[in-house]
Structure formats: C-alpha cells, structure tokens
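S.K.: Below is a structure I'd like to ask you about.
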Amino acid sequence: WEELENACRACNRCGLCRRRTNVVFGVGCKDADVMFVGEGPGEQEDLQGEPFVGPAGKLLDEMLCIIDLDRSKNCYIGNIVKCRPPGNRDPQEDEQEACIGYLHNQIALVRPKIIVCLGRIAAMKLIRPDYRITREHGQWMEKDGIWMTATYHPSALLRDVNKRPEAFEDLLSIREMMRKLKCNM
Ligand code: URA
C-alpha cells in the first residue's frame, strides 16, 4: 500500500498533475468486501484529498448507510482518475489510461468481492467500453472473480431526483448480493 500510495502521490503521468492541490488516492477499509469507484475528484475532493467529500459525497454516504456500509468501517472508495479534471469535465481517455493502473493495484490489494461503479465513466472503464448506464445499471456480471455492477453517479441523482427510485433498487440489489456472498460487515 505504502509503495503504491507514494508512487501515486508523486505521479506526473498526465497533465492533470499540473493543476492538482492534492492527489485523491482513496479512502476506506483496505480489506473491504465492497468497493465503490467514481470517476475523478471534484473541487472539494481536490482541496481535501479525499474522495466524495463534496455534495455528491454527502449523498453517497447516505446511500451507503442504507445498505449498512460506512467509508470509515467496511467499504473502500476510489476513483478512475486521482487528480481533478479542470472545471469538473469528464476525465479524458488518455488521462484514464495513465491512471487506471493505480486503481487496478488498489483492487488487487483490497481484493473486494463486489465492485460498484458510480456512473457511466467508471462503468465504461471497468465493465465495458460501450456500457449504457440508463439501460444497464443494477445488472450484475462476474469479472475475474469479482461481482461488478453500476448505479447512477450521486451527482446525477442530485441533478435529477427522478432517478432516485431506480438507484434505490440498485442499492437493494447490492445489499442482496452482499448477503449472498457473505460479505463482512
Ligand atoms: N465525483 C467522483 O466521481 N469522485 C469523487 O471523488 C467526487 C465526485
């Protein structure tokens, strides 16, 4: 972990390193059974160095609470890119490629049973490049021994409350899978 985190904190593999305040490495339980992956840090995350601490993060914490998860206890939260894209734009393909190795190493160290992609960017990178979040959220697939799913990004749920009932169903499905796989709580 230490080696990985130090390498990530010193990273200059893409242009995002030039404008960052902090590398946002990840947070949570390092042997969690459930891992959540967002796309990249926003303004608050860049300032504080922790994923999902802005308004979307507050909502994510509430979503986690519904399924008995807590970032300080029993899940791990990371991002596809570790430095803030300017103006909160989507991380570009070359930026994602430069950074994804860190996430793969985090996944290898945590060894989660379940990965939940938050939003389409994470799902396209971790599940399938042509993943359609509106059509496929809540579905499950097994990849390299890990059960993968995606739900709407909390920012999307802040923008459009009509998506929330579907996201709630996704959460129940994650809870069910946690039970089935006897995930540690
Ligand atoms: N949005 C993300 O995708 N990740 C964060 O860490 C914060 C907001």
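Count the sequence shown with the working numbering and you get residues -10 to 174, in order.
Backbone N, C-alpha and C define an ideal beta-carbon position, used for all residues, glycine too.
Just so we're clear, the structure is a prediction, and the values are computed from it rather than from any experiment.
(1) Relative to ligand 1, is the shortest distance from any of its heavy atoms to the C-beta of residue 75 smaller than 7 Å?
(2) Counting along the chain, where does the alpha helix (DSSP H) carrying residue 123 start and finish?
(3) Report, in whole angstroms, the separation of the C-beta atoms of residue 80 and residue 69, which I expect to be a contact under 8 Å.
(4) Starting from the N-terminal end, write out each residue whose C-beta falls within a distance shorter than 7 Å of any non-hydrogen atom of ligand 1.
(5) Could you check the C-alpha separation between residue 3 and residue 170 for me, to the nearest Å?
(6) Between which two residues does the alpha helix (DSSP H) containing residue 141 stretch?
(7) Compare the Cα-Cα distances from residue 29 to each of 20, -7 and 77 and report the closest residue.
(8) For residue 102, tell me which candidate among -1, 11 and 23 has the shortest Cα-Cα distance.
(9) If we ignore side chains and look at the alpha-carbon of each, how far apart do residue 10 and residue 26 end up?
(10) Taking C-alpha atoms, which residue in 32, 37, 8 and 60 lies nearest to residue 20?
(11) What does a CB cutoff of less than 7 Å around residue 33 pick up in its chain, not counting 5 residues either side in sequence?
(12) Starting from the C-beta of residue -10, find all residues in its chain whose C-beta is less than 8 Å away, skip the five residues before and the five after it, and write them out in chain order.
(13) The beta strand (DSSP E) that contains residue 18, what's its start and end?
(14) When you compare each of 126, 7 and 74 to residue 152 by their alpha carbons, which one comes out closest?
(15) When DSSP labels each residue in this structure, what does residue 43 get in the three-state scheme?
(16) Could you compute how far the alpha carbon of residue 67 sits from the alpha carbon of residue 174?
(17) What does residue 25 pair with, by DSSP beta-bridge criteria?
(18) Would you identify the three-state DSSP class for residue 137, choosing helix, strand or coil?
(19) Here's the rule: buried if 16 or more other CB atoms are within 10 angstroms of the residue's CB, otherwise exposed. What is residue 93?
M.R.: Taking the structure as given:
(1) Remark: the shortest separation between the CB of residue 75 and any heavy atom of ligand 1 does not fall under 7 Å.
(2) Note, residue 123: alpha helix (DSSP H), 122 to 125.
(3) Indeed they touch by this definition, with Cβ atoms about 6 Å apart.
(4) Those residues that bring their Cβ nearer than 7 Å to a heavy atom of ligand 1 are 13, 27, 28, 29, 30, 31, 34, 40, 41, 43, 45, 46, 68, 107, 108, 142 and 144.
(5) Going by C-alpha positions, residue 3 is about 38 Å away from residue 170.
(6) No alpha helix (DSSP H) contains residue 141, which DSSP labels as neither H nor E.
(7) With distances taken between Cα atoms, residue 29 lies closest to 77.
(8) In terms of CA proximity to residue 102, 23 leads the group -1, 11 and 23.
(9) For residue 10 and residue 26, the distance between alpha carbons rounds to 21 Å.
(10) Cα-wise, what sits closest to residue 20 is 60.
(11) So the qualifying residues of the chain are 42 and 43.
(12) In its chain, beyond the 5 residues on either side, 19 and 98 have a beta carbon closer than 8 Å to the beta carbon of residue -10.
(13) No beta strand (DSSP E) contains residue 18, which DSSP labels as neither H nor E.
(14) Among 126, 7 and 74, the Cα nearest to that of residue 152 is on 126.
(15) Residue 43: coil per DSSP, three-state reduction.
(16) Taking the straight line joining both Cα atoms gives about 19 Å.
(17) Looking at the DSSP assignment, residue 25 forms a beta bridge with 66 and 105.
(18) Annotated three-state conformation of residue 137 is strand, per DSSP.
(19) That one is exposed.
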